[in-house]
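Residue numbers (mature numbering (1 follows the signal peptide of the UniProt record, and there is no 0)): -21 to -1, 1 to 517. Working notes, beginning with the structure itself.
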Amino acid sequence: MKISLALAFLGIFGALSVVVAEDRYQYFTWVVTYGTIYPLGVPQQGILINGQFPGPRIDGITNDNIVVNVINKLDEKFLITWNGIKQRRTSWQDGVLGTNCPIPPKSNWTYKFQLKDQIGTYTYFPSTKLHRAAGAFGALNIAQRSVIDIPYPAPDGEFTLLVGDWYKTNHKVLRRLLDYGKKLPPPDGLLINGQRDSAVFPGQAGKTYKFRVSNVGLSTSINFRIKNHSLKLIEVEGAHTLQDTYESFDVHVGQSVAFLVTLNQPVNAYYIVASSRFTGTTVLTATATLQYAGSGSKASGPLPIGPTTDVDWSLKQAKSIRLNLTANAARPNPQGSFHYGTIPAVRTLVLANSEERIGGKLRYAVNKISHMNPLTALKLADWFNIPKVFSLNSIPDVPPPASTPAKLGTSVFGITLHDFVEIIFQNNEDTIQSWHMDGSSFYVVGYEYGVWKPDSRKTYNLADGVPRYTVQVYPKSWSAILVSLDNKGMWNLRSAILPRQYLGQELYLRVWNNEKSLYTEANIPDNALFCGFAKHLH
C-alpha cells in the first residue's frame, strides 16, 4: 500500500513538473489590412498590422512559444517570415514560398514556433510579392532568461529602431516595373520607425540605454550614429560581441545590431541619424531625436558626418567585429565553446550573383540559375514525394563560366543533416550585396576584395568570428561563411535586397536524413495550407 501511494505521488509530482517546466506561451491576433500612411509627408497606401505601421513589436524571452493568428484582409495572398528565428526542427513555420503556401485573401493562418535557445534583436516582414515595400514589418526582440547573466551592466532602458529606405510609389506599381523587366528607381527617402524626422527617444542624463537597430529596407545599406555620443556594440544578430566602441556603424539590408549608449553629454536634445551608404552623390538621410529629460529644446546644429561611398572604411569595420568567447548566450555555456575553426568542411559552395537578361527581361541569378518558385511549396513536395516540382542539386556548386547563358529554374541544394559546409558568396558586380539564411546561424570568417580561391582560406578568422544570419558582400569582393546545417528542413538562402530576391536571387537548402523522428523534424502541422500539386491532399 505504501509503495503504491509513493508511486502515485511520484507520478503526480512528475506530471506537475512537466506542467511547471513548460515554457511560456504568448498569443497574438494580427489583422492585416490596407490603410493610408504618411511616412514621407504625402498620403499613400500602406499595409498595416492591427492598424499599425510599422507592425506591433514582439517582446519575448528565450524559449517562449509564440502563436500568431494572421488574418489576411488584403486582396492578395500573404505570408510573414521571421527574420533570423531558427524554427528548430520545423521549417513549416518559416513563412516563405518554399515552405508555406501563402494565406489566401479574406482568410487566416496561425503560426506556432518557439524562440528556442535564442536571444537578441530580430525582425519580421512579408515575404510575398513586394508587400515589404508597403509595410507589415516589425521588431521581434528576445531577452535572456533571468538565470542567465548578460555580459554588460543591465541598461536603464532600451529602444528599438527600424531603419530602412522607402518609396512613395505604391508596391503594386513597383512590382509591375520588375515584372516588365525594369529596375526600380532610387528610393525616395529613409525612415526611422516609419518616420523621416519626428521619432523621439527620451532618456535621463547619466543613464545607459540599449539601442536595437535593424535595417528593414529594400535595398540600401545605412550608417547609424548619434550626435556627440559613442556606440558600444554589444550584440549582432543574437550573438554577444566584444564591446568595441564606434562613432558610427554600418548596418546592411536585413541586419540587426544592438549598442549601449550612455547619456554623458550636457542636458539637451541630440540628433540620431541614419544615412544611405554606397548610393553615389545622392545621400538619403533620416533623423530622430535623443531627448534628455529636463531639456525643452529641439535637436539643432549640423548633423554628425558619416561615411558615404567609402568601401574600405566599411570593410575594415566589418573585420573589427568579434565574438565575445567568454560570454553566455541563451545557454550558460560560453559562446566560444563551439570551435568551428577546427571542423573540416565536407562541402564547399561558391555562389556567384549576377544581373542577367532572360527572354529580354531583367533577372538576377545565382550560378546562372534564376530561381522561380513553383506553385507547389517545395516543403510539401518533399514531404509527400510529389514529383516534377524540384530536383536536388539543380544548381551547380561552383559558378559556371561567365559566358554560360542564364536560365530560369528552381534552385535546391541537397544537404545531409549535420553537414558542416563552407559557403562563399562571390560578388563580381559593382553593387553591395546582402545574403540571408533561414534556419541556421553561420560563422562569418572572411571578407576580401577580388575573386575567392582556395588559398583565400589562409585569411579566415577561425577563432572568434561572429555567428549571424545575414552577411554583406562588398562590390567586386567575396564573403565566406562556415555553417553547421543541423536543422532539418527546407531552408531559404536569399538576397536580402528585395528586388534581387524577387527576380530570382535566392535558392533553397534541403537539409535531410532518412530518419523519421520528432527529435529531428516535426510533423506537418494540423493547420497546414495546401497549394499546387498538393492542393488535393487537403
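A virtual CB, placed ideally from N, CA and C, is assigned to each residue, including glycine. As the structure is a prediction and not an experimental result, all values here were calculated from the model.
Cβ atoms of residue j and residue i: under 9 Å apart, would you say?
{"i": "residue 297", "j": "residue 268", "result": "no"}
{"i": "residue 486", "j": "residue 394", "result": "no"}
{"i": "residue 465", "j": "residue 396", "result": "yes"}
{"i": "residue 103", "j": "residue 139", "result": "no"}
{"i": "residue 2", "j": "residue 43", "result": "yes"}
{"i": "residue 385", "j": "residue 484", "result": "no"}
{"i": "residue 114", "j": "residue 27", "result": "yes"}
{"i": "residue 76", "j": "residue 352", "result": "yes"}
{"i": "residue 33", "j": "residue 116", "result": "yes"}
{"i": "residue 482", "j": "residue 382", "result": "no"}
{"i": "residue 258", "j": "residue 199", "result": "yes"}
{"i": "residue 266", "j": "residue 282", "result": "yes"}
{"i": "residue 233", "j": "residue 78", "result": "no"}
{"i": "residue 328", "j": "residue 401", "result": "yes"}
{"i": "residue 15", "j": "residue 122", "result": "no"}
{"i": "residue 216", "j": "residue 36", "result": "no"}
{"i": "residue 398", "j": "residue 326", "result": "yes"}
{"i": "residue 64", "j": "residue 6", "result": "no"}
{"i": "residue 197", "j": "residue 477", "result": "yes"}
Going along the chain, which residues of its own chain have a beta-carbon closer than 8 Å to the beta-carbon of residue i, five neighbours each way excluded?
{"i": "residue 506", "result": "88 and 89"}
{"i": "residue 276", "result": "247 and 248"}
{"i": "residue 520", "result": "Because the chain here runs from -21 to 517, residue 520 falls outside it and cannot be looked at."}
{"i": "residue -5", "result": "Residue placement at residue -5 cannot be trusted, given a pLDDT of 39 that sits under 50; what the coordinates show is reported in the next sentence. Nothing listed; no residue qualifies."}
{"i": "residue 455", "result": "406, 407, 408, 409, 428 and 429"}
{"i": "residue 279", "result": "248"}
Might you give, ordered along the chain, the residues of its own chain that have their beta carbon closer than 6 Å to the beta carbon of residue i, omitting 5 neighbours on each side?
{"i": "residue 263", "result": "168, 169 and 255"}
{"i": "residue 319", "result": "422 and 461"}
{"i": "residue 404", "result": "330, 414, 452 and 458"}
{"i": "residue 516", "result": "509"}
{"i": "residue 285", "result": "202, 204, 227 and 254"}
{"i": "residue 292", "result": "286"}
{"i": "residue 489", "result": "391, 393 and 469"}
{"i": "residue 131", "result": "213"}
{"i": "residue 160", "result": "340 and 341"}
{"i": "residue 50", "result": "10 and 87"}
{"i": "residue 440", "result": "424"}
{"i": "residue 500", "result": "68 and 467"}
{"i": "residue 497", "result": "none"}
{"i": "residue 376", "result": "328"}
Where do the ends of the alpha helix (DSSP H) carrying residue i lie?
{"i": "residue 43", "result": "Neither: residue 43 is in no alpha helix (DSSP H) and is coded neither H nor E."}
{"i": "residue 361", "result": "357 to 362"}
{"i": "residue 293", "result": "290 to 299"}
So if DSSP puts residue i in a beta bridge, which residue, or which two residues, is it bridged to?
{"i": "residue 66", "result": "Paired residues: none, contrary to the question."}
{"i": "residue 280", "result": "None; residue 280 has no bridge partner."}
{"i": "residue 105", "result": "59"}
{"i": "residue 342", "result": "335"}
{"i": "residue 11", "result": "28 and 51"}
{"i": "residue 401", "result": "327 and 461"}
{"i": "residue 6", "result": "46"}
{"i": "residue 387", "result": "349"}
{"i": "residue 218", "result": "215"}
{"i": "residue 534", "result": "Past the edges of the chain, shown from -21 to 517, lies residue 534, and the structure says nothing about it."}
{"i": "residue 445", "result": "BP columns for residue 445 are empty, so no partner."}
Going by beta carbon distance, what residues of the same chain come within less than 7 Å of residue i, once the five residues before and after it are set aside?
{"i": "residue 304", "result": "313, 314, 315 and 443"}
{"i": "residue 220", "result": "212, 213, 214, 300, 301, 302, 303 and 445"}
{"i": "residue 154", "result": "108 and 109"}
{"i": "residue 432", "result": "none"}
Which stretch, first to last residue, makes up the beta strand (DSSP E) that contains residue i?
{"i": "residue 326", "result": "326 to 337"}
{"i": "residue 210", "result": "210 to 215"}
{"i": "residue 351", "result": "Run containing residue 351: none; DSSP gives neither H nor E here."}
{"i": "residue 523", "result": "Nothing can be reported for residue 523, as the shown portion of the chain is limited to -21 through 517."}
{"i": "residue 191", "result": "187 to 194"}
{"i": "residue 122", "result": "117 to 122"}
{"i": "residue 269", "result": "264 to 271"}
{"i": "residue 318", "result": "No beta strand (DSSP E) holds residue 318; DSSP gives it neither H nor E."}
{"i": "residue 204", "result": "201 to 205"}
{"i": "residue 392", "result": "391 to 395"}
{"i": "residue 71", "result": "That residue, residue 71, is in no beta strand (DSSP E); it is neither H nor E in DSSP."}
{"i": "residue 144", "result": "136 to 145"}
{"i": "residue 422", "result": "421 to 428"}
{"i": "residue 520", "result": "What the structure shows of the chain is the stretch from -21 to 517, and residue 520 is not part of that stretch, so it cannot be assessed."}
{"i": "residue 228", "result": "228 to 230"}
Please determine whether the Cβ atom of residue i lies at a distance below 8 Å from any heavy atom of the ligand ZN.
{"i": "residue 363", "result": "The ligand ZN is not part of this structure, which contains no ligands at all."}
Practice problem: Taking only runs that begin and end inside the region 451 to 511, name each unbroken beta strand (DSSP E) of 3 or more residues, in chain order. | Solution: 456 to 464, 468 to 474 and 485 to 491, all fully within the region 451 to 511.
What are the uninterrupted segments assigned as alpha helix (DSSP H) that are 4 or more residues long and contained completely in the region 158 to 183, given in chain order?
Fully enclosed alpha helix (DSSP H) runs of no fewer than 4 residues are not present anywhere in the region 158 to 183.
(Q) So within the region 239 to 264, which uninterrupted beta strand (DSSP E) runs reach at least 3 residues, ignoring any that extend past its ends? (A) The region 239 to 264 is shown to contain whole beta strand (DSSP E) runs of 3 or more residues at 248 to 255, in chain order.
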